[in-house]
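Basically the working numbering = 1-based index in the sequence shown + 193.
For reference, the structure is listed below as structure tokens.
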Amino acid sequence: VSGEIWYEDVKNVLLAIEQLSEHPLATAIVEYLKPVVSLPLPAVSSFESITGRGVQAIIKDTGWYVGNIHLIQEKRIVIPEEVYSHFLVWSREARTVIWLASDLRIYGLLAISDPIKENSTEAVSTLCESGIEVHMLTGDSTSTAQAIANSAGIAHFRAEVLPEEKAAYIKELQSKGKVVAMVGDGINDSAALAQADVSIAMGQGSDIAMDVAMMTIISSDLTKIQTAIRLSDQTVKTIRQNLFWAFIYNIIGIPIAAGILFPVNGFLLNPMIAGAAMAMSSVSVVSNSLRLKFKK
Numbered sequence: 194v195s196g197e198i199w200y201e202d203v204k205n206v207l208l209a210i211e212q213l214s215e216h217p218l219a220t221a222i223v224e225y226l227k228p229v230v231s232l233p234l235p236a237v238s239s240f241e242s243i244t245g246r247g248v249q250a251i252i253k254d255t256g257w258y259v260g261n262i263h264l265i266q267e268k269r270i271v272i273p274e275e276v277y278s279h280f281l282v283w284s285r286e287a288r289t290v291i292w293l294a295s296d297l298r299i300y301g302l303l304a305i306s307d308p309i310k311e312n313s314t315e316a317v318s319t320l321c322e323s324g325i326e327v328h329m330l331t332g333d334s335t336s337t338a339q340a341i342a343n344s345a346g347i348a349h350f351r352a353e354v355l356p357e358e359k360a361a362y363i364k365e366l367q368s369k370g371k372v373v374a375m376v377g378d379g380i381n382d383s384a385a386l387a388q389a390d391v392s393i394a395m396g397q398g399s400d401i402a403m404d405v406a407m408m409t410i411i412s413s414d415l416t417k418i419q420t421a422i423r424l425s426d427q428t429v430k431t432i433r434q435n436l437f438w439a440f441i442y443n444i445i446g447i448p449i450a451a452g453i454l455f456p457v458n459g460f461l462l463n464p465m466i467a468g469a470a471m472a473m474s475s476v477s478v479v480s481n482s483l484r485l486k487f488k489k
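What follows is the structure, given as structure tokens:
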């Protein structure tokens, strides 16, 4: 949380609401406010999460809303010009702006920045160099998404999308004949992960994302995505090699054991040799598989 503007000291209201949410942004707000808020906190009598918008709650018969600008606009709450100017400035700086409002007015704004990790640009570059198109789907504003895409080197992005719109975007790519891998870590990514041909969850994300995904990368290091792809490629190659060695012994050995060479030179395959050949088949397959441990 890198900035804030308040009309009144209602931080305890915000903390009371956000500590009931499981969203990563809510966690950041709670950690930011705990040292500066005086107890006790007001009692929240009702709490509801609004997908792609934020949360709403009732405190002392007053409705409160915490979320993005779309939530505020849908509730038709008047936005003062001074507050909106702060929103525009922070949005251009690639910050996610969280609004706090009651049924009647805006009470506060917080600007939350999620710095691009040092290896994110490297990860995107590596994927692009290997012929993979990288698309970014985010619920953040267009200006924030544009700034992040430019910094990370992402050519395709779509901003202000809801969870179902992420899944629809992936379905659209699939209809064009593309094989889509989705990488996500949040609750809002679960529908898109389920729709994708390959779904990858990040280990520090939500439990729902990890339950839906086919693969979970334990760390949040995006460069591990390319590592996983390369490992998968090597695994498939190893499977094909193993199938070759498993079949070649049988393709050669079975006809000889059946006596195909007997009319020519009187040769019959000794059962001991056949047993040794089968053992060598198993040894070669296992040894070839173990080579994966030494792949870089």
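Think of the CB as a built atom: it goes at the ideal place given N, C-alpha and C, for glycine as much as any other residue.
Residue interval of the beta strand (DSSP E) (run including Thr266): The amino acid at residue 266 is misidentified as Thr; the sequence shows Gln. Where Gln266 is concerned, there is no enclosing beta strand (DSSP E), although the alpha helix (DSSP H) it sits in stretches over Ile262 to Glu267.
Continuous alpha helix (DSSP H) assignments of at least 4 residues falling wholly in the region 384-445: Listed in chain order, the complete alpha helix (DSSP H) runs (minimum 4 residues) inside the region 384-445 are 400-405.
Cβ neighbour criterion (16 or more within 10 Å) applied to Tyr300: buried
Assigned secondary structure, Phe350 (DSSP; H/G/I helix, E/B strand, else coil): Phe350 sits in a strand when the DSSP states are folded into three classes.
Pair within 8 Å by beta-carbon distance, Ser318 and Leu415: no
Limits of the unbroken beta strand (DSSP E) element including Val271: Segment: none, Val271 is in no beta strand (DSSP E) and carries neither H nor E.
Where Tyr200 falls: helix, strand or coil (DSSP): coil
Leu234 - DSSP class collapsed to helix/strand/coil: coil
contact_flag[the region 435-445, the region 403-419] where n(CB pairs < 8 Å) is 3 or more: no
N- and C-terminal bounds of the alpha helix (DSSP H) containing Glu357: Pro356 to Ser368
Coarse secondary structure for His328, derived from DSSP in three states: Strand, per DSSP.
Cα-Cα separation between Gln388 and Arg246, rounded to whole angstroms: 22 Å
Ser480 to Leu462 span [Cα, whole Å]: So the two alpha carbons sit approximately 26 Å from each other.
For Phe455, three-class secondary structure by DSSP: Helix.
Close-in-space but distant-in-sequence residues of the same chain around Ile291 (CB under 6 Å, 5 per side omitted): Leu303
Residue range of the unbroken alpha helix (DSSP H) whose run includes Glu315: Ser313 to Glu322
Rounded separation between Leu454 and Phe460 - CA only: Each residue's alpha carbon lies about 6 Å from the other.
Same chain, Cβ closer than 6 Å to Gln397, five either side skipped, listed in chain order: Ser413
C-alpha distance - Gly196 paired with Leu208, whole-angstrom precision: Spanning the two alpha carbons is a distance of roughly 16 Å.
Alpha carbon of Asp501 to alpha carbon of Ser284, nearest angstrom: The chain is shown only over 194 to 489; residue 501 falls outside these bounds and no answer can be derived.
Of the residues Ala250, Ile243, Ala221 and Pro228, the one placed nearest Pro235, counting alpha carbons only: Ranking the options by Cα distance to Pro235, first place goes to Ala250.
Of the listed residues Glu315, Lys488 and Asp254, nearest to Ile347 (C-alpha basis): Glu315
One or two residues paired with Ala304 in a DSSP bridge: Gly196 and Val290
Residue range of the alpha helix (DSSP H) that includes Val223: Pro217 to Leu226
Span of the beta strand (DSSP E) around Ile251: Taken as a continuous stretch (DSSP letters only), the beta strand (DSSP E) holding Ile251 covers Gly247 to Ile252.
Assigned secondary structure, Phe280 (DSSP; H/G/I helix, E/B strand, else coil): helix
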